[in-house]
Amino acid sequence: MVEGKGARTGHLAEQNQWKADQHGQKGSGAGGKGQGRCGHQGKRISHPWINAQIIISSELGDMQQLLATVKSHLQQMNLVNLSTALHRICKLSACDQNMQARLRHHSSFEALLNTICVVLSNSDPAEVQLQSISNVVWSLATVRLVHRPLLEALVTLSVAGMANFKPFELSTTLWAVAKLGSVEVVTTAVKPVFSAAAAHISKNVHQFGFRCLATVSWAFATARQRHARLFRAIAAQMLPMASAANCQEMANTAWAFGTADFHDDQLFMELADKAIPRLREFKPQELSNMLWGFATNGFFHEAFYAQASLVAHSMDLQAQHLANILWAFARVRPRHILTQTTVLALLPSCTMQLHTFKPQEVSSTALAVGKAMSLLGESMDGAVSFAPGAGLLSIPPEVICFFSACLPWV
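In the UniProt record's numbering, the protein residues as written are 1 to 410.
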């Protein structure tokens, strides 16, 4: 989801920081203010040169070498170097949980985090590059590491510099802070940045594109920060830009508005209309998120749900996707023929994968099936259906197989 967007934005921020540093922008150094160049084995070391060494080491893909490079230059680094080093380390370990676990106990990584914390805590907010703030918090979120003193320093500086954030910097920062909040409860620590961001974005929403607004809404929803005025402003700004949204952005928006319990029929209608011809481009997670978001808000667009049902039949759906999709159909139109058709089409997959379902997914799916098939004495075409030679209503075999498989869960 938004993770991909966060990764792209983090990389852009790093590149922009390096360019800015090469052009002589100021940055507080770990060894003291104004320590731009210093002697090291007879060579003159500049901050752009340090950045180049960090990037070269990271591109080799060797974490130990990258950490050694960071350690050797740590005392000469400015904030741009520090944030670039952290970004490169976290990016290299982003898909390797074992590497992340080792990093948490590596002395060079701990020293880097502590140095960044000290530099930020002692920095004048007016001199801190907000790209660096965005990079640091993105890096922490990427490896799901909550460093409370550092997070508090980042929040303080973000609030102080709120008016100067570029849209992509602010949306990335909020995305990362929200993601960290899903790792560990840090609601009190991060609330100030969401409050300040809500006020700032509401007043300047015209500066934000659809992608940034989708990320912002996802962040507020994930962090459980309710700001109705902000969501009203976001919805109004998104409406004329919906045609420019990609599948992930449409799905994230629907999910965020559903999670935040904020209803906007005009926006939902526009998103549904734009999504219909592109639903086959959606990934399973995106389709289930969009359906879930619409259903949570009680929004039903028959053409969208009909096309979503057809597309879902041909997808490789996992337990969470199946449970969310069936829940969504049963939530908005429990006895609609479209819901019944969708249930019968997807139920065999549910039965086959039942061993992978979580208890909540089993109960959610069972409830959806029960709602869809609860018309006693009435079949899907409206006629009474009886089992041949019996006084019992005919129950579809897909339903019987599913509930039989569910018996061990009872």
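All C-beta atoms, glycine included, are put in the ideal place defined by N, C-alpha and C.
Counting other Cβ atoms within 10 Å of its Cβ, Trp175 reaches 16 or more and is therefore classed as buried. If you draw a straight line from the Cα of Val136 to the Cα of Val119, it is about 12 Å long. The alpha-carbon of Gln65 is positioned some 19 Å away from that of His47. By the 16-neighbour rule on beta-carbons within 10 angstroms, Thr173 is buried. In this structure, His200 keeps its C-beta atom at 8 Å or more from the C-beta atom of Ala256.
Residue environment for Asn297: buried (at least 16 other C-beta atoms within 10 angstroms of its C-beta). Taking C-beta atoms as the reference points, Gln225 and Phe194 count as a pair closer than 8 Å. One Cα belongs to Leu157, the other to Ala141, and the distance between them is close to 17 Å. Ile54 sits close to Asn81, with the two beta carbons spaced by under 8 Å.
A Cβ-Cβ separation of about 19 Å leaves Lys371 out of contact with Ala306 under the 8 Å criterion. Annotation: the continuous alpha helix (DSSP H) that includes Gly370 extends over Pro359 to Ala372. Excluding residues up to 5 positions away in sequence, Ala189 lie with their Cβ nearer than 7 Å to the Cβ of Glu152 in the same chain. Taking a contact as a CB-CB distance under 8 Å, the pair Leu346 and Leu326 counts as one, their CB atoms being some 6 Å apart.
Put simply, the backbone Cα of Phe282 is about 30 Å away from that of Arg88. For the pair of segments examined, the segment 242-254 was found to touch the segment 205-218: the number of CB pairs separated by less than 8 Å reaches three. 8 Å or more divides the Cβ of Ser182 from the Cβ of Thr215.
As DSSP reads the structure, Asn98 sits in no beta bridge.
Residue environment for Lys358: exposed (fewer than 16 other C-beta atoms within 10 angstroms of its C-beta).
Counting other Cβ atoms within 10 Å of its Cβ, Asn51 reaches 16 or more and is therefore classed as buried. Of the candidates Pro396, Trp409 and Asp261, the residue whose Cα lies closest to the Cα of Thr356 is Trp409. Sequence-distant Cβ neighbours of Val311 in its own chain, meaning closer than 8 Å and more than five residues away, are Leu279, Arg280, Phe282 and Leu287. Between Cys401 and Thr341, the CB-CB gap reaches or exceeds 8 Å.
The shortest C-alpha to C-alpha distance from Ala160 to any of Trp138, Pro149, Val143 and Ala126 is the one to Ala126. By the neighbour-count definition (other C-beta atoms within 10 Å, threshold 16), Ala219 is a buried residue.
Spatial neighbours of Lys179 in its own chain (CB-CB distance under 6 Å, excluding positions within 5 residues in sequence) are listed in chain order as Ala141.
In the displayed model, Asn78 falls within a strand according to three-state DSSP. In the structure shown, the three-state DSSP call for Ile45 is strand. At a cut-off of 4 residues, the continuous stretches assigned as alpha helix (DSSP H) that sit fully inside the segment 201-288 are 210-222, 228-238, 247-259 and 265-275.
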